[in-house]
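*Asks:*
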Amino acid sequence: MKLVSYPDIEMMMIDLANILAGEIKSALSHEERITIALPGGTTPGPLYDDLCATNLEWDRVRVMPTDERLVPPDHPRSNEGMLRARLLCGPAAEARLIGLRPGADGMDGLTERVRRALPLSILVLGMGADMHIASLFPGAPELEGALRPDAPPVLAITPPGQPEQRMTLSAPALQGALNTHILITGADKRAAIERAAKLADPHLAPVCAVLKGATVHWAE
Ligand code: 6PG
C-alpha cells in the first residue's frame, strides 16, 4: 500500500484531480474509449468539482459509480445523482455515465452493460471506517460471493445497518483496474486503513481486496 498524506483536504482534492487527469490522458492515448469508476458518499464531491473542469476528451470516457444505493437517481443518496451533479458538468458533461441501477432488462442487461465497460482504466474508491469499499461491507451476506474470483462484475448486496439495498462492483471487477486510488479523510479512516493492512483479510476488511496495488490519499 502506498500512502500519500496531504496538508489539507483541499490540497488533496486538487492534487488527486490532477493525477486522475494525467491518468485519463495517458489511458486515452492507448484506448479508443476508457472506463473510470468513482465512489459515492460524502467525501469525493470536491474532487469532482475540480476534475469536471479539466479539458480532456471526455466523450471517450465512460464513468461508472463503484456502487449504487437502490434509490431513484434524483434522491439525495443516489451516487449516480451525485456524479451527474458534481462531475458531469463543464467539459466532463461529455462523458457517458453507466449507472448501476437495473433497468427494464434486469440484472442480465445490467451485467452485460458493466461487463462491456470493463476492465477499468482508473478506479477511485472511498472507504468506510469499517474498512468497506464500494458496497462490499463486512458482514453483508453476499460479501463471500462478491469476493470470489468468478464473481459476476456487479451484484446486489444488503449491507448491514444501511437504509437501502445496493448494487456494487465485485472484487474481481475492482481488481482489474489499471490505476487504483483510495480517497479517505480523518483520523478514524487513517487508523482503519492501517488496521486493514495488518489484517490482510478481505472477508474482515474488504479494502484488502484492492489495497496491495492502491495509492491511498489521506488528509486529516
Ligand atoms: C457509497 C460509497 C462508499 C463510500 C464509503 C465512504 O455509496 O457510500 O461508494 O463506498 O465511498 O462509504 O463514504 P463517505 O465518503 O461518505 O465517508
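The sequence shown begins at 1 in our numbering and counts up one residue at a time.
Ideal Cβ positions, reconstructed from N, Cα and C, are used throughout, including at glycine.
Of all the options Q175, L87, A85, I98, which has the alpha carbon lying nearest to the alpha carbon of E112?
*Replies:* Mapped onto the sequence shown, residue 112 falls at position 112. Nearest of Q175, L87, A85, I98 to E112, Cα basis: I98.
*Asks:* Roughly how many whole angstroms lie between the Cα atoms of P172 and D49?
*Replies:* Counted from its first residue, the sequence shown places residue 172 at position 172. Counted from its first residue, the sequence shown places residue 49 at position 49. Using only the alpha carbons, I get a separation of about 29 angstroms.
*Asks:* Between which two residues does the alpha helix (DSSP H) carrying M13 extend?
*Replies:* On the sequence shown, position 13 is the one that residue 13 refers to. Run containing M13: 9-28, per the alpha helix (DSSP H) assignment.
*Asks:* Report the partner residues of A219 according to the DSSP bridge assignment.
*Replies:* Taking the first residue of the sequence shown as 1, we reach residue 219 at position 219. T185, per the DSSP bridge assignment.
*Asks:* Counting only the same chain and skipping the five closest in sequence on each side, list residues whose C-beta sits under 7 angstroms from that of V61.
*Replies:* As a working mapping, residue 61 is identified with position 61 in the sequence shown. The residues are I24, I34, I36, A95.
*Asks:* When you compare only the Cα positions, how much space is there between L47 and A140?
*Replies:* Here residue 47 is taken as the residue at index 47 of the sequence shown, counted from 1. Here residue 140 is taken as the residue at index 140 of the sequence shown, counted from 1. So the two alpha carbons sit approximately 29 angstroms from each other.
*Asks:* Do you know offhand how far D59's Cα is from D105's?
*Replies:* Sequence index remark: in the sequence shown, residue 59 carries index 59 (1-based). Sequence index remark: in the sequence shown, residue 105 carries index 105 (1-based). Looking at the two C-alpha atoms, the distance is approximately 25 angstroms.
*Asks:* Is N79 near the ligand 6PG, with its Cβ less than 7 angstroms from a heavy atom?
*Replies:* Residue numbering aside, residue 79 sits at position 79 when the sequence shown is read from its first letter. Correct: N79 has its Cβ closer than 7 angstroms to the ligand 6PG.
*Asks:* Would A134 be called buried (16 or more neighbouring beta carbons within 10 Å of its own) or exposed?
*Replies:* Here the question's residue 134 lines up with position 134 in the sequence shown. Buried, since its Cβ has 16 or more Cβ neighbours within 10 Å.
*Asks:* Output the distance between the C-alpha atoms of L169 and P72, rounded to the nearest integer angstrom.
*Replies:* The residue labelled residue 169 in the question sits at position 169 within the sequence shown. The residue labelled residue 72 in the question sits at position 72 within the sequence shown. When rounded, the distance between both Cα atoms is 19 angstroms.
*Asks:* Tell me which same chain residues have a C-beta within less than 6 angstroms of the C-beta of A200, skipping the five on either side of it?
*Replies:* Within the sequence shown, residue 200 is the residue found at index 200, counting from 1. Once the five neighbours on either side are set aside, the close Cβ partners of A200 are C208.
*Asks:* Give a yes or no on whether the C-beta atoms belonging to L38 and T66 are separated by under 8 angstroms.
*Replies:* Counted from its first residue, the sequence shown places residue 38 at position 38. Counted from its first residue, the sequence shown places residue 66 at position 66. Result yes, Cβ atoms of L38 and T66 sit closer than 8 angstroms.
*Asks:* Does the distance from the C-beta atom of M167 to that of E80 stay below 8 angstroms?
*Replies:* Along the sequence shown, one-based indexing puts residue 167 at 167. Along the sequence shown, one-based indexing puts residue 80 at 80. No, these two residues do not count as a Cβ contact at 8 angstroms.
*Asks:* Compare the C-alpha of A92 against each of A192, V216, N55, L183 and name the closest.
*Replies:* As a first step, residue 92 must be located in the sequence shown, where it is residue number 92. If we check each option's Cα against that of A92, N55 comes out closest.
*Asks:* Using the rule of at least 16 other Cβ atoms within 10 Å of the residue's Cβ for burial, across every protein chain shown, is M131 buried or exposed?
*Replies:* Translated into positions along the sequence shown, residue 131 becomes position 131. The residue is buried, with at least 16 neighbouring Cβ atoms inside 10 Å.
*Asks:* Relative to the C-alpha of V210, which candidate in L204, G176, D74 has its C-alpha closest?
*Replies:* The sequence position of residue 210 within the sequence shown is 210, counting from 1. For the residues L204, G176, D74, the minimum Cα distance to V210 belongs to G176.
*Asks:* Helix, strand or coil for P46, going by three-state DSSP, please let me know.
*Replies:* Looking up residue 46 in the sequence shown gives position 46. It is helical.
*Asks:* Using a Cβ-based criterion (distance less than 7 angstroms to any ligand heavy atom), does T42 qualify as near the ligand 6PG?
*Replies:* Here the question's residue 42 lines up with position 42 in the sequence shown. Yes; taking the cut-off as 7 angstroms, the Cβ of T42 has a heavy atom of the ligand 6PG nearer than that.
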